[in-house]
Structures are given as structure tokens and as C-alpha cells.
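Numbering-wise (this note's numbering), the sequence shown opens with residue 4 and increments by one.
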Amino acid sequence: MGSIPGQARVYVACVVVGALLCVAPLPDVRTPWWAVALLAGLYAGCEQLTRCRVVGHRAPQGMGTFFPVLLAGAFLLPPPAAAVVALPGALLSRVEQRPRGLRRIWRAAQLALGIWAAARVHWALGGRDAVVGSDFPYALVPAGAAVLAFCLVLTVLDGGILATAERVPARTAWRGLFLRSLAPVAVHGLAGLMMAVLWRSPYGPVAALLVLLPMYISCWVFAQYHREQAAHQATIRALVQAVDIKDGYTRGHSERVGQASMMIARELGMDDERVEGLRFAGILHDVGKLGVPTRLLRKDGPLTPQERRIIELHPEYGHEMVRGIGFLGEARSAILHHHERLDGSGYPYGLAGRQIPEFARVVAVADAFDAMTSTRSYRRARPVPAALEELENCAGAQFDPRMVTALVRALGRHGWHPVVTADDIGTSVPVPRGGARPAAHEDARGHRDTAGGRTS
4 MGSIPGQARV
14 YVACVVVGAL
24 LCVAPLPDVR
34 TPWWAVALLA
44 GLYAGCEQLT
54 RCRVVGHRAP
64 QGMGTFFPVL
74 LAGAFLLPPP
84 AAAVVALPGA
94 LLSRVEQRPR
104 GLRRIWRAAQ
114 LALGIWAAAR
124 VHWALGGRDA
134 VVGSDFPYAL
144 VPAGAAVLAF
154 CLVLTVLDGG
164 ILATAERVPA
174 RTAWRGLFLR
184 SLAPVAVHGL
194 AGLMMAVLWR
204 SPYGPVAALL
214 VLLPMYISCW
224 VFAQYHREQA
234 AHQATIRALV
244 QAVDIKDGYT
254 RGHSERVGQA
264 SMMIARELGM
274 DDERVEGLRF
284 AGILHDVGKL
294 GVPTRLLRKD
304 GPLTPQERRI
314 IELHPEYGHE
324 MVRGIGFLGE
334 ARSAILHHHE
344 RLDGSGYPYG
354 LAGRQIPEFA
364 RVVAVADAFD
374 AMTSTRSYRR
384 ARPVPAALEE
394 LENCAGAQFD
404 PRMVTALVRA
414 LGRHGWHPVV
424 TADDIGTSVP
434 VPRGGARPAA
444 HEDARGHRDT
454 AGGRTS
């Protein structure tokens, strides 16, 4: 939700109205206000924690670390009161991206609706009496149903915001969201049920606060995951920066190929994990240039056959460089094979058709598209329609027609808004008269910018 489209703002407004309708009956409901205040204050305080005391690192945002408090409210309070518990913490939570106010309002409304739904289901199934009477194992039934309702509401709302704000295709926006969130929310639901039972026990609310310990354990788990992801991103950034420094005339190309690869992957309906893998593959597809002598990458004169063979080794160099980076997964095959052609005339191994890994077929199309639509030192960028026409002409011989079609559809739906890095801003690229560049220099870069030739 970097720049929020109008339809996303309307969607958020509708969710806010729904949340307000959920809390509207509150004045007519018999509510233990002291309990509402205590739970709301506890949740707000947890959201304000900037560091996890267990590991000394900031807890990741938006990971639902303190859902046990919200779910305890759903198990203890009437639905309108339970919805109120989420509001102060969500409205005061830390937000990294802008617009911060709209993001806070969205989060508050989303959580209020989810907790209201969980409380309604819990009370409808007699969960309140089961908690008060410590009726186990039956108490697990309404609690489990409440967790499912909470998870389902969050899934529906998250998918909607992906479709409206991020413009993810509707058929893929909700894919996998429910199953990915169910396990962690179920664990938080058990912690919330423990809090509710202790709250209603003779020991009272003070004993319920002991459940903060599992919450801190949850914080530790998410913090570890966050640190691992940050390390992955730092590894990728370092490799891309090294490539950009060595072959500066294609600066920003890697990020744009990653972006186009993601668009193709989403259009194909790949799950989020594979989409992220393809982003890595696109960003790192030319990392093997680090193994190519700089004099060849920047050579202005003709290349000898031996020099061309050295240039064509860069996919193998790249594969060797990333072989030990486990989190790249399928991305490694794309780095090795993104110069293969469907007709078997590509390199390094001359694979044909389905022998070429799927990730490599995606990156090949994204790579060629960006090469044609980017301004280079020897010619101006081609218009997007002309580049797509060239890709379609070469589909079946050089490119997988399925990947080309996916890119065409994705661009038709979203347009092409390439990533601009800080190094690209304000950079002007001189274009020689006639827009021509010596063919040998094309070879020196290891590509030709028409789809029919080798792509960078």
C-alpha cells in the first residue's frame, strides 16, 4: 500500500464502517469496563514494545505477536466489547510505511472485525459458560471455532487489500493465506484460552498475566524469522551492488528483471514462496558477471571467439557463486539456465523445451523485456507494446509462450512501472547519433537487446 489506489481507499472505508457497526451496540450491552480497559491497555502496551527482551531485537510488525490478548478478550467479553480491545493498540502501533494513518486505521478495523466475529462464534457455541465452568475438553470446541472465524475474517480482508491495493489478481489474492495463518493463530488461540480460564479462576486476572511468557516466546520465534529474512535481503543487496559496480551501464536492470519475474509468477498463480524465489532469481540472474573480466564487459572493440566463450560462462559462474546459498532454492536453476532457448540453441548446456527449468523460462522473458524497454548507451528504450510484440514473435523458438502470455496479461492489467533505484535518479545516458552500437559491444555485454538474440 505504498501509494494507495482509490479503490483500496474505498475498500478500507467499507471495512471501517463494518468495524463501527460491530461496536455500535456497546452502550446497550452489559460490559465489564474494567476488564475491557485492562485487556486493551495490555494489548496496547505489548504493541508499543520496540524490542523483545528475550533476544534484544525489535519484534517484526504485523506478525500478530500479541493475538493471545485479543483472543482472550473474545473468550471473556461480549462481541462489541471484545472488538474495542483491539482499537487502542492498533491505532497506536508502529507503522514503517506511509501513509501511516491509513495503515493504522486499516489494521484497527481489520482486527476489530476479526475479534468481533471470533467472540460471536464463541458465545453462540456456549464458550462463555465453558470457560467459567472450566468445562474441558468441550471448552476447546467453541475456542477452536472462534479461532477459525478470526482466521477466516483476516484472510478475507487481507486478500481484499492485496487485490485492491497491490492489484494482485483476484484468483490468486487469497491463495494460501488461510492455511499459512491458521497454525500460528491456533497456537495464539490456545494461549488466549489459557488466559481466559485463569482470568475466571479463583486466582483472577493477575494469574492470567502469566501467559505473557508464551507471548514472549512467540515474539522470540518471530524475531528470529525476521532476522533470517533480513540476512537474506542483505545478501541479495550485496551481490546486486557488486554486479552494478562492475557493469554499471545496466544499473537497475537486476531489480527490474526481478519485478517483471514476480509479475509473471503471480499471473501464473504461483504461491508466495515461489514468487519470492523468482524475485531472487530475477535480481541475481547476472551475478555471474562478477566472474567475467571487467575489460571484456567494457570492451568497445570486437570480441574474439574465445572472449565470447568467456562471456557465455557467466551463468555457470553465477550458479557456482550462489550454490551454497540454501534459501535461493529454485532460483539457482534460473541463474544457470536463463540463457537457454526453447529450440535448444541457447547456452550453457543447450537445453530445449521442458528441459529448461520453469524459473529459467520466466526469467528469460523478464530479462529480454527489460533489456528492450531500457535506455542503453547505444539506443533509446523501445515502447512496451513493441517489446511485447517482439517477445510474441519469438515465443515458441526462444521463449516459452506461456510465460510471454503471462507477462502480456500482467502488463495489460497493471502497466509497467519499473523500479528506480537511488543510483538511477538523475542519471542521463548519452545516445550516439543514429542510436547504433557496434555489434561487438553487444557481445561484450553478453547479450543482444532484441529478443531474437542473447539477452542480458
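Just so you know, even glycine gets a beta-carbon here, dropped at the ideal spot from N, CA and C. The model shown is predicted, which means the values in this text are computed figures rather than measured ones.
Check	Outcome
For Gly162 versus Trp177, is the C-beta spacing smaller than 8 angstroms?	yes
What residue from Pro81, Leu160, Ala11 has the CA that sits closest to Thr34's CA?	Pro81
Identify every run of the beta strand (DSSP E) within the region 394–426, keeping only runs that are complete inside it and at least 3 residues long; order them along the chain.	none
Using three-state DSSP, classify Thr34 as helix, strand or coil.	coil
Among the residues of its own chain, which have a CB less than 6 angstroms from the CB of Pro441, if the five just before and after it don't count?	The predicted position of Pro441 is uncertain, since its pLDDT is 30 and thus under 50; a value taken from the coordinates is nonetheless stated next. So the list is empty, once near-sequence residues are dropped.
DSSP three-state call for Ala463: helix, strand or coil?	Absent from the structure is residue 463, since the part of the chain shown begins at 4 and ends at 459.
Below 8 angstroms, can you find three or more Cβ-Cβ pairs linking the region 335–345 to the region 356–364?	yes
Please classify Ala186 as buried or exposed, where buried requires at least 16 other C-beta atoms within 10 Å of its C-beta.	exposed
Given a cut-off of 8 angstroms on the beta-carbon distance, is the pair Ser20 and Leu45 in contact?	At residue 20 the sequence reads Val, which differs from the Ser that was named. Not a contact, by the Cβ cut-off of 8 angstroms.
Any idea if Ile164 is buried or exposed, counting beta-carbon neighbours within 10 angstroms, 16 or more meaning buried?	buried
Can you give the beta carbon distance from Thr378 to Val387, rounded, assuming they're within the 8 angstroms contact cut?	Actually they are not in contact, since the Cβ atoms of Thr378 and Val387 sit about 13 angstroms apart, beyond 8 angstroms.
Pick from Leu74, His417, His340, Pro421: whose alpha carbon is nearest that of Met198?	Leu74
Residue range of the alpha helix (DSSP H) that Ser96 falls in?	Element bounds for Ser96: n/a, residue is neither H nor E.
Return the chain-ordered list of same chain residues with a C-beta closer than 7 angstroms to the C-beta of Thr175, the five sequence neighbours on each side being excluded.	Arg269, Gly272
Just the C-alpha distance for Val366 and Arg383, rounded to the nearest angstrom, thanks.	22 angstroms
Are the beta-carbon atoms belonging to Leu316 and Val325 less than 8 angstroms from one another?	no
According to DSSP, is Arg193 part of a helix, a strand, or is it coil?	It should be noted that the sequence gives Leu, not Arg, for residue 193. Three-state result, Leu193: helix.
Starting from the N-terminal side, write out each stretch of the alpha helix (DSSP H) that is 4 residues or longer and does not extend beyond the region 310–356.	317–325, 334–340
Grab me the residues of Leu160's own chain with a C-beta within less than 8 angstroms of its C-beta, minus the 5 sequence neighbours each way, in chain order.	Val18, Gln113, Leu116, Gly117
Have a look at Ser336, Val411, Pro208, Glu169 and flag the residue whose alpha-carbon is nearest the alpha-carbon of Gln10.	Glu169
For Val171 and Lys292, what's the separation of their Cα atoms in angstroms?	33 angstroms
When the Cα atoms are used, what is the spatial distance from Asp303 to Arg412?	38 angstroms
Given this structure, state the Cα-to-Cα distance separating Ala233 from Ala226, to the nearest angstrom.	10 angstroms
Between Val156 and Ala166, what straight-line distance do the alpha-carbon atoms span, to the nearest angstrom?	15 angstroms
Quick check: what's the CA-CA separation for Cys397 versus Ile267?	17 angstroms
Is the separation between the beta-carbon of Asp373 and that of His256 shorter than 8 angstroms?	yes
Do you know offhand how far Ala121's Cα is from Val150's?	6 angstroms
Rounded C-beta distance between Phe283 and Ile239? I'm assuming under 8 angstroms.	6 angstroms
How long is the line joining the alpha carbons of Glu279 and Pro305, rounded to whole angstroms?	39 angstroms
Alpha carbon to alpha carbon, how far is Glu276 from Ala371? Give it in angstroms, no decimals.	24 angstroms
Short of 7 angstroms in beta carbon distance, which residues of its chain neighbour Arg107, apart from the five on each side in sequence? Order them along the chain.	Ala93, Leu94, Ser96, Val98
Is the separation between the beta-carbon of Leu196 and that of Ala146 shorter than 8 angstroms?	yes
Label Ile248 either buried or exposed according to how many other C-beta atoms from any shown protein chain fall within 10 Å of its C-beta, with 16 as the threshold for buried.	exposed
In the DSSP assignment, find the alpha helix (DSSP H) that holds Ala27 and state where it starts and stops.	Careful: Ala27 lies outside any alpha helix (DSSP H) and carries neither H nor E.
Cα separation between Ala38 and Arg123?	18 angstroms
Kindly indicate the opening and closing residues of the alpha helix (DSSP H) around Ala369.	361–376
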